[in-house]
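Here the structure is laid out as structure tokens; the discussion comes afterwards.
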Amino acid sequence: MQNIFEQLQADTKKWRESGYATAKFSAIAEILSWNKDENGQLRYLREAQFNALEVYWYIRIILKTPRLLDLYKNYYKDDFDLADQFGISSGDREVSRLIAKGEIFEKIKTDTNFAKSLQLDSLHESINLNYPSYILALAMGAGKTVLIGSIIATEFSMSIEYPEENFMKNALVFAPGTTIIESLREISDMPFEKILPSRFYKSFMANVKMVYTRNGEKSIPVQDNSSYNLVVTNTEKIALKKMAKRKGQTQIEFEELEKQENLLSNARLNKISSLAHLGIFSDEAHHTYGNKLGDELKRVRSTINHLHDETNLVCVVNTTGTPYYKKQAIKDVIFWYSLQQGIQDNILKSLHNGIIAYDFKDEKPGEVINDIIKDFFEKYGKTKLANGANAKIAFYFASQDHLDSSKPLIEKALANHKQNTTIILTNTQKSSQKEIDEFNRLNDPNNQKRIILLIGKGTEGWNCPSLFATALIRELTSSNNFILQASTRCLRQIPENKQTATIYIEAKNQRTLDKELKETFALSLSELNKVEQKTETQILEIKKTNYPTLEITRTINKIVQDKAKNCEIKLIKPQNTKTDTIIKSIFEPKLESTGTIISPTGEENEIIFSTETYDLYTATQKIAKNYHIDYFLLLKELKKLYKDNEVPRSHLQKLFEQVEKQTQNYKTIEEKITEALALIKFQDDDHKPVFDKNEKGIYCHTIRYKAGTFGYNNELLAHEKDFDGINKKALGFHYTPYNFDSAPEKDFFEKMLNKLQVKTKEIEDIYFTGGLTNPQQTDMYFQYKGIDGNYHNYFPDFVIVKKDGSFLIVEIKAEGKEEDIEVQSKVKAIRKLEAIPENKFKYEIIYTDSPIPVRKFENTDAWVKS
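Quick note on this note's numbering: the sequence shown kicks off at 30 and runs consecutively.
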């Protein structure tokens, strides 16, 4: 039987295929569809993040945000199946009887001792929650904070679109530990324009206010009863809690400190409690779930329960790295993206054959350390990040004594392998500020530290992509998942990396790691050792920054006023109109320059008017302003109809309709416009850079693709350096490598590159344009009407440009596509442009296999010679 999150993903897939159909909230389809471009590629979110976002909105809109038990009942109609999903064994006669009568969950909910006897304390707590609470489980490196930011952005957008509905107007984010600022920065730096369509993005950015709780600050800097606040804090800052009396502290001192702490917590809580339509997000669920309800979870839940009692809580969303706790599936999980999937999708480095164990019974510590240093520099000595930062290894120690005894051995091993001992960095509780600062900038290319020695540091939350190896060579008697957290720190991936990671581990620690993997991820160490990547990344470097101007003339339809038509207005007094006493009006939001709403947003108000007429001048002004017609001519006409200078409100709509019919004096004309097309766009419409730069100052773009997309050995990725022998004129390769879709595309490019070497007096350049298919990155695309009736973007494969400004657009298609409806729709659209006399381009489509026959180059060769 499928888990709940497997069933949810299956149903969400069907929902996606329906176009995110809903009876009431069509805006969600607009938002979710926007996240993928014309070619089905995600604009910003990773596949796992987007799939989690889809599941979340399926639950919110289609399933109507059910609480935990109701969510399960939606999928498991049989009472015994439902009980089984919650881990309730029917072997006990009394339990079986309660299940059969449909009373088991009411018993667990109301009888604490009964729940404890079945070790279902957590379930007892979960089904007693008076609000919906869900967990999104994503493996490390998948981007949980960005997912939270995406949910909040879409919730706020839906709230602005449907202000009267139960969407979030405020969000409280519990960041892990001391990472408040980092979490806030990560959310605030998100490119929300790639998650929200333009109209939603503008409204969201105009309204959202991001704030965080500062140490010592008595309250939270938000206005009472305000909307669209995104507050980042941690549980310590606002949670309801009891202080413990420290040793040596007097009772008076303790009571005073407790009083001050309670005042701070209560002030912050009261501020949060004033925020309506609140959503709460937590990244700490993995610490707090299991059969036994921990003190941390009790504290967090009591805080959330308090907020639920004080405000209208929409729902609680927790993120975690696993759906398991000590092999027990956490029942609140609605989405799961596993460690294996993270490695296969190249979000994490592979550990394929990278777990090396040492038994200290047979080997001396010095020999083990020497072997680790030797192996590390053989594997990673020349490995660097894209920005130039060197690959690193972290040694984890249980105590200062272990570190002190091992450091001389590490220094000796470095000397044996001709490495400088200055590349060692120590980070412990005793570290100096200088050492801490160096640790915080390990990914800086100017930081030369490569061997990191750690005690109680560098575990959960440490994001160090330049870390390629970890070493746990001293046995740890008590782990509490430390070995799992420490050893897997080296798995965070970097773009274009082909290197696997390595864990060097003492034999007993290896057994502990295997146990912790099974409990946390339901995955054995041997299984993890075999997982290989199925997704790869490639950095495309944009080498050329100057491009010829390509001009396209288009014919557009333009609506203009038809001045030949008579604009004189003739009105007839409306008859038999019903008098309306109640009128609904919708208020638009008024914003201060800060983005704060100073009047109600989207509220529908029923207004009963004390008078049922407009004076003649007001009525004239309303009609004239709406239709841009002469005020005095209209006033003269209305005076003929209303001698008493009063116009009934019920007449106004009929008068509008009469004027509407008489002012439809517009016609459609054709007009030609000429546009300059940019082969590469380096800035977007807001003048923000489209591409990142690497350490050499070269513009870069990273693509992610399934292994095999560009051939078994990536032979369809054509690097500029591989063509140095034949490309003496340095044509093509405005970016490198070219990412061809097919062998015929690569064959066409290679042959044309050869041909054009002798035609450089006439030819400006040749460009492969079918690999960058984002309108933000290039103007070289055309619109066509697809078989679905909608307009789509078409990015042709090649452009060959002459120095006189003329150019040839070439499309390569497989043989057999000649009658393909979608292909012919593209051809028709571009042929229409080609036929406009002002255009200086030609279009050629070649249907072929590889290698391309000589005869199929005839039209292209003729154009080059012309």
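Using N, Cα and C, we set each Cβ at its ideal position, and we do this for glycine too.
Roughly how many angstroms lie between the CA atoms of residue i and residue j, to the nearest whole one?
i      : j      : result
Glu686 : Asn586 : 27 Å
Met169 : Val202 : 19 Å
Asn699 : Thr584 : Correcting the residue type first, residue 699 is Glu in the shown sequence and not Asn. Those two C-alpha atoms are separated by around 6 Å.
Gln806 : Val240 : 33 Å
Glu135 : Gln252 : 41 Å
Ile402 : Ala444 : 10 Å
Thr317 : Ser151 : Confidence at Thr317 is low in this model, with a pLDDT of 41, below 50, so its placement is unreliable and the value that follows should be read with caution. One C-alpha to the other measures close to 10 Å.
Asp66  : Arg297 : 42 Å
Tyr734 : Leu307 : 38 Å
Asn472 : Arg521 : 12 Å
Glu504 : Gly395 : 15 Å
Leu322 : Ala235 : Reliability of the predicted coordinates at Leu322 is poor, the pLDDT of 42 falling under 50, and no value is obtained from them.
Lys537 : Ile439 : 21 Å
Ile376 : Thr703 : 44 Å
Ile581 : Lys832 : 16 Å
Assuming contact is defined by CB atoms lying nearer than 9 Å, are residue i and residue j in contact in what I supplied?
i      : j      : result
Glu60  : Ile224 : Sequence check: residue 60 is Ile here, not Glu. Contact: yes.
Lys138 : Asn157 : yes
Leu165 : Val84  : yes
Ile795 : Ile571 : no
Cys519 : Thr499 : yes
Leu167 : Thr457 : no
Lys563 : Asp374 : yes
Ile816 : Glu779 : no
Ile452 : Lys478 : yes
Lys790 : Val893 : no
Leu670 : Lys717 : no
Glu793 : Pro524 : no
Tyr767 : Ala736 : no
Thr549 : Ile532 : no
Leu579 : Val828 : yes
Tell me whether residue i sits in a helix, a strand or coil according to DSSP, three-state version.
i      : result
Glu211 : helix
Gln712 : strand
Pro677 : strand
Ser303 : coil
His335 : helix
Glu556 : helix
Phe827 : strand
Lys897 : Residue 897 is absent from the structure shown; the chain starts at 30 and stops at 895.
Leu620 : For Leu620, the predicted model reports a pLDDT of 34, less than 50, meaning its position is unreliable and no value from the coordinates is stated.
Tyr49  : coil
Arg96  : coil
Tyr741 : coil
Asp770 : coil
Thr630 : Reliability of the predicted coordinates at Thr630 is poor, the pLDDT of 35 falling under 50, and the value obtained from them is presented with this limitation in mind. Coil.
Asn254 : coil
Asp721 : strand
Ile615 : Because Ile615 sits at a pLDDT of 33, beneath the cut-off of 50, its placement in the model cannot be relied upon, and the point is left open.
Ser311 : strand
Lys701 : strand
Ala273 : The pLDDT assigned to Ala273 is 48, lower than 50, so where the model puts this residue is not dependable, and the model offers no usable value.
Leu600 : coil
Which stretch, first to last residue, makes up the alpha helix (DSSP H) that contains residue i?
i      : result
Gln812 : It is not in any alpha helix (DSSP H) - Gln812 instead sits in the beta strand (DSSP E) that spans Phe811 to Lys814.
Leu513 : Phe511 to Ser516
Thr541 : Ala536 to Phe550
Phe185 : Lys173 to Glu190
Ser879 : Unbroken run through Ser879: none, as it is neither H nor E.
Ala653 : Leu645 to Tyr656
Val84  : Glu76 to Trp86
Ile1   : It is not possible to answer for residue 1, since the shown part of the chain is limited to 30 through 895.
Ile128 : Arg122 to Ala129
Ile156 : Asp150 to Ile156
Within the continuous beta strand (DSSP E) that includes residue i, where are the two ends?
i      : result
Ser162 : Ser162 to Leu167
Ile859 : Run containing Ile859: none in the beta strand (DSSP E); it sits in the alpha helix (DSSP H), Ile850 to Glu863.
His730 : Tyr728 to Lys735
Tyr241 : Lys238 to Tyr241
Any heavy atom of the ligand GTP closer than 8 Å to the beta-carbon of residue i?
i      : result
Lys696 : Because no ligand of any kind appears in the structure shown, any question about the ligand GTP cannot be addressed here.
(request) Would you mind listing the alpha helix (DSSP H) stretches within the region 353-397 that are 4+ residues and don't spill past its ends, in chain order? (result) 368-373
(request) Any chance you could list the beta strand (DSSP E) runs of at least 3 consecutive residues sitting entirely within the region 451-507, in chain order? (result) 453-456, 480-484 and 496-501
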